[in-house]
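Protein chains in written order, with the numbering used here: chain A, 22 to 383; chain B, 22 to 383. Beneath this line is the structure, given in structure tokens, with notes to follow.
Protein chains: 2
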Amino acid sequence: MSRAETPRRGSRSGRAGIRDVAAAAGVSITTVSDALNGKGRLPDATRRHVREVADRLGYRPSAAARTLRTGKSGLIGLTVTTYGDEPFTFTEFAYFAEMARAATSAALARGYALVILPATSRHDVWSNVALDGTVVIDPSDQDPVVSELVRQGLPVVSDGRPAGALPVTAWVDNDHEAAVLGILDHLADAGARRIGLLTGTTTDTYTHLSTTAYLRWCERVGQDPVYEAYPAHDPCAGAVAADRLLARPDRPDAVYGLFDPNGTDLLAAARRYGLRVPDDLLLVCCSESAVYATTEPPITTLSLKPRRIGTAVVQLLIDAIEGVESDQPVEQVIPTELIVRTSSERRSPRTTVSPPRSPEEG
Amino acid sequence: MSRAETPRRGSRSGRAGIRDVAAAAGVSITTVSDALNGKGRLPDATRRHVREVADRLGYRPSAAARTLRTGKSGLIGLTVTTYGDEPFTFTEFAYFAEMARAATSAALARGYALVILPATSRHDVWSNVALDGTVVIDPSDQDPVVSELVRQGLPVVSDGRPAGALPVTAWVDNDHEAAVLGILDHLADAGARRIGLLTGTTTDTYTHLSTTAYLRWCERVGQDPVYEAYPAHDPCAGAVAADRLLARPDRPDAVYGLFDPNGTDLLAAARRYGLRVPDDLLLVCCSESAVYATTEPPITTLSLKPRRIGTAVVQLLIDAIEGVESDQPVEQVIPTELIVRTSSERRSPRTTVSPPRSPEEG
DNA sequence: TGACCTTGCAGAAACGTACCTGTCAACGGG
DNA sequence: CCCGTTGACAGGTACGTTTCTGCAAGGTCA
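Below is the structure:
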């Protein structure tokens with residue numbers, strides 16, 4: 022029998038298709054498509070009628086078919102680095118959560134959704150999802166996933182400037198050197214004579230830039246570097262490293278910790294050694310966590326502004342996807358924010374009357 | 022001209038398709054498909070040859086086409102509740118991050134990826150992504166999104182037992198009543214005479230069940246309830262509520278806080294009122310955060326085991342998607358874990374010599 | 001009355017894959 | 001020699017859209 026004699030029965034596969042809507046509305050498929058997508062030249066009456074019939078049938082356009090036809094899926098990959106089997110690390114929880122939250126919002130506002138894709142994931146998963154582009158967090162030096170994506174012609178925007186010659190479409194980052202130098206100056210201003218650093222053994226850009234900045238600052242002011250490095254993805258190692266740092270014979274009288282849990286770890290270590298904060302030890306750490314506002318004493322933190330980064334990254338990516346000639350530069354530097362609290366407050370105030378508020382407060 | 026005379030040129034649209042591979046390998050499209058997907062009856066030589074040619078051409082199958090054809094996208098929605106514009110709330114950061122992490126891993130291991138989709142998101146985003154199923158966190162009473170998904174015949178598994186008659190495929194939850202009762206007994210054992218509760222004003226199941234359990238416990242032991250409720254999604258309100266609770270004339274001598282930041286907030290409030298923990302005030306809060314291990318003093322926490330929940334939810338969902346007749350029940354209760362620390366340790370030890378180590382330590 | 005445009009819609013060709021249905025050769029048994 | 005079987009492939013259709021290209025009917029203008 023010829024196929025002309027076997028017309029599709031309505032809703033053959035359960036769900037109503039555009040054909041069923043067309044048949045029910047007594048118009049052509051084209052008209053339905055145009056009516057629902059606001060295209061074509063149709064009188065409002067037809068448009069309304071089609072919309073109404075579609076509603077009545079509970080018609081939902083097939084995302085797969087649309088993607089196949091248009092080449093756009095409306096999906097953005099969110100690539101996170103992994104340690105071991107787990108996506109994203111404990112250390113970065115607060116940062117990642119805030120960043121992902123902002124990215125999700127920003128993407129959503131422009132009609133995109135985010136797909137979580139660990140960088141080391143099975144290749145078949147990567148190739149099984151149609152992405153319009155990808156946000157990659159802290160890409161490693163020769164990330165094969167990123168190279169592959171770029172080779173496929175997909176836009177890739179990275180959070181953190183790409184190491185090496187990774188050819189990303191755009192990137193967003195903080196000025197980590199400036200942030201570290203600012204903190205060291207802040208601590209020195211507060212009376213620190215020997216500033217220590219709690220850093221990581223990993224080779225990512227953040228750790229590397231921050232450590233280098235510290236070493237350069239030490240050289241400039243003529244201080245011997247005092248630092249301990251530990252594998253940042255191991256939460257227990259951080260406590261041990263904090264302890265080691267304060268147990269050294271050349272114990273620092275101020276410490277900056279590069280990672281989120283360093284603040285509580287250093288505080289605990291200080292208590293063990295009977296050091297008062299900030300009297301005997303000034304403390305600053307890089308964190309997005311709110312707990313440091315209520316610790317005893319509250320701890321000064323550096324915020325990397327993950328919300329702004331997440332938003333900026335997504336905007337850049339979607340601009341690239343949609344071919345918008347953005348007036349934004351493709352390399353954006355987001356300023357950090359130092360939230361000064363008791364743990365780094367001036368050791369010997371020159372006066373007992375309250376000093377004028379610095380612009381950093383409030 | 023007839024279309025037979027316009028054969029497709031190789032890689033017309035930039036990327037190589039299955040046709041190009043077939044042409045280059047000198048076989049048919051069917052053979053390529055079978056060879057790459059491990060189906061059909063092909064000699065190994067042909068299979069290897071096709072695979073090699075595909076590799077050489079950098080062939081990547083189109084996820085959209087595959088999805089359209091097979092009806093499976095390999096994508097799972099991760100629906101989070103929203104407060105205001107932002108997906109998921111600050112209060113649930115640690116819980117959500119851990120849960121999402123475990124869910125991502127579990128999905129990945131079975132070849133699926135997660136799409137973050139706030140429940141209140143624009144409808145066009147929801148309908149623009151082809152989902153095989155959805156995980157929904159803490160579905161509200163009459164969640165329109167969930168109803169819609171179920172009506173489309175998609176499997177929906179919820180984290181948290183569904184309120185009302187929400188027809189989810191399966192759910193995973195803790196036994197919140199039992200957990201609260203256990204904590205109250207634990208505090209009473211430690212010498213608490215009047216136990217207070219820091220709870221929320223929202224109507225979600227977790228808050229409701231926990232508060233009810235508290236009230237019932239009070240009734241049973243004959244204690245007047247002492248609690249403060251605040252909008253849990255507002256981080257500042259938590260500190261105020263903690264303060265209010267300790268400022269009451271009928272001040273409790275032990276407090277359980279239902280939300281993650283309650284521990285530090287209560288600790289700070291206790292300091293303001295000169296209360297020593299645990300001597301004057303026993304403290305427990307529900308949290309997944311590691312900071313409570315290093316506060317002064319360390320605070321006893323209840324863990325809801327988000328990793329286990331995330332894993333279980335995804336397994337149930339994928340079983341439903343793939344039609345696996347799971348031997349797991351469709352309603353799973355994950356046990357909670359009370360991590361006992363100094364803040365809830367027995368007030369008047371019977372002896373001054375160090376007690377034997379309890380199995381919970383270490 | 002043509003020539004020409006505009007309006008309102010229909011037909012049909014992709015998009016790239018998976019899979020059902022042949023087809024053809026080789027082979028073996030009766 | 002015939003028939004059934006099996007291995008190794010090719011053809012072609014369907015998945016559900018979007019969109020390009022018609023194509024009549026009606027209006028306008030010379």
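Glycine included, C-beta positions come from ideal geometry on N, C-alpha and C.
At least one CB of chain A closer than 9 Å to the CB of residue i: is that the case?
i: B/Pro176; result: no
i: B/Leu138; result: yes
i: B/Arg40; result: no
i: B/Phe280; result: no
i: B/Gly95; result: yes
i: B/Thr190; result: no
i: B/Val312; result: yes
i: B/Thr100; result: no
i: B/Ser54; result: no
i: B/Arg367; result: no
i: B/Gly59; result: no
i: B/Pro82; result: yes
Which residues share a DSSP beta bridge with residue i?
i: B/Cys257; result: In the DSSP output, where bridge partners are listed per residue, B/Cys257 has none listed.
i: A/Ala268; result: Answer is none; A/Ala268 lacks a bridge partner.
i: A/Trp192; result: A/Ser179 and A/Glu352
i: A/Cys306; result: A/Gly278 and A/Thr322
i: A/Thr100; result: A/Leu138 and A/Val157
i: B/Tyr294; result: Paired residue(s): none; B/Tyr294 is not in a bridge.
i: B/Val247; result: B/Gly217
i: A/Ile360; result: A/Thr322
Mind checking if residue i is an interface residue toward chain B, Cβ cutoff 9 Å exclusive?
i: A/Pro380; result: For A/Pro380, the predicted model reports a pLDDT of 46, less than 50, meaning its position is unreliable; a value from the coordinates is still stated below. No, no contact with chain B.
i: A/Glu346; result: no
i: A/Arg36; result: yes
i: A/Ala44; result: no
i: A/Ala118; result: yes
i: A/Gln173; result: yes
i: A/Pro356; result: no
i: A/Leu288; result: yes
i: A/Ser364; result: no
i: A/Ser168; result: no
i: A/Arg292; result: yes
i: A/Leu89; result: yes
i: A/Thr67; result: no
i: A/Arg297; result: no
i: A/Thr285; result: yes
i: A/Pro165; result: no
Beta-carbon separation of residue i and residue j under 9 Å?
i: B/Leu267; j: B/Ala291; result: yes
i: A/Ala118; j: B/Phe117; result: yes
i: A/Leu187; j: A/Leu138; result: no
i: A/Ser308; j: A/Gly331; result: no
i: B/Pro183; j: B/Pro165; result: no
i: A/Thr224; j: A/Asp162; result: yes
i: A/Gly295; j: A/Pro252; result: no
i: A/Thr102; j: A/Ile158; result: yes
i: B/Val247; j: B/Arg272; result: yes
i: A/Ser310; j: B/Val261; result: no
i: B/Val335; j: B/Ala124; result: yes
i: A/Leu338; j: A/Thr155; result: yes
i: A/Ile360; j: A/Arg329; result: no
i: B/Ala134; j: A/Val136; result: yes
i: B/Ile39; j: B/Tyr80; result: yes
i: B/Arg72; j: B/Ala45; result: no
i: B/Ala275; j: B/Ala200; result: no
Exercise. With 8 Å as the limit, tell me which residues of the segment 193-217 of chain B have their beta carbon closer than that to any beta carbon of chain A; keep them in chain order.
Key: Taking a C-beta cut-off of 8 Å against chain A, none of the residues of the segment 193-217 of chain B qualify.
Quiz item: What residues in the segment 125-159 of chain A bring their beta carbon closer than 9 Å to a beta carbon of chain B?
Solution: Against chain B - using a Cβ distance shorter than 9 Å - the residues of the segment 125-159 of chain A are Thr125, Ser126, Ala128, Leu129, Ala130, Gly132, Tyr133, Ala134, Leu135, Val136, Ile137, Leu138, Pro139, Ser142, Arg143, Asp145, Val146, Trp147, Ser148, Asn149, Val150, Ala151 and Leu152.
Exercise. Below 7 Å between beta carbons is the criterion; list the residues of the segment 230-252 of chain B that meet it against any residue of chain A, in chain order.
Key: Listed by position, the residues of the segment 230-252 of chain B near chain A (Cβ gap below 7 Å) amount to none.
Quiz item: Any contact of the segment 306-324 of chain B with the segment 145-154 of chain B, i.e. 3+ C-beta pairs under 8 Å?
Solution: Counting Cβ pairs under 8 Å, fewer than three are found: no touch.
Quiz item: Just checking, does the segment 295-306 of chain A make contact with the segment 235-242 of chain A on the three C-beta pairs under 8 Å criterion?
Solution: They do not touch, by the three-pair rule.
Quiz item: Does the segment 84-103 of chain A come within contact of the segment 71-91 of chain B, defined as at least 3 CB pairs closer than 8 Å?
Solution: With the cut-off at 8 Å, the segment 84-103 of chain A and the segment 71-91 of chain B touch.
Practice problem: Please list the residues of the segment 316-343 of chain B that have a C-beta atom closer than 8 Å to any C-beta atom in chain A, keeping them in chain order. | Solution: From the segment 316-343 of chain B, only Thr316 and Glu317 have a Cβ closer than 8 Å to chain A.
Self-check item: Interfacial residues, the segment 253-270 of chain B to chain A, with Cβ spacing under 8 Å
Solution: For the segment 253-270 of chain B, which is checked against every Cβ of chain A, the residues closer than 8 Å are Pro256 and Ala260.
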